[in-house]
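Residue numbers (the numbering used here): 570 to 646. Where a beta carbon is used, it is the ideal one built from N, C-alpha and C, also for glycine. Quick caveat: nothing in here was measured; it's all calculated off a predicted structure.
See the structure below:
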């Protein structure tokens with residue numbers, strides 16, 4: 570199973586960008602996704618932007634991931 574996480578693009582520098590995952594910043598590759606600009610929301614998988622998403626979709630997904638984190642924080646296998 571693969572998981573792509575939405576992030577907001579902070580800066581674009583050639584074929585790389587710095588994105589923000591709700592406070593965590595990371596440099597990613599734009600090598601397979603063209604036309605990305607500052608302020609866009611992208612899906613990131615394995616360090617690559619693989620698609621653009623609307624802001625509302627990105628926020629909804631991040632909220633769901635945060636909820637999942639809260640539900641599982643006390644889980645002990």
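Judged by DSSP in its simplified three-state form, residue 633 adopts helix.
Judged by DSSP in its simplified three-state form, residue 625 adopts helix.
The three-state secondary structure of residue 638, taken from DSSP, is helix. Per DSSP, the beta bridge partners of residue 597 are 586. Going by beta carbons, residue 588 and residue 601 fall outside the 8 angstroms limit. By the Cβ criterion, the region 601-611 is not in contact with the region 634-645, since fewer than three pairs of Cβ atoms, one from each stretch, lie closer than 8 angstroms.
The Cβ atoms of residue 575 and residue 610 sit closer than 8 angstroms to each other.
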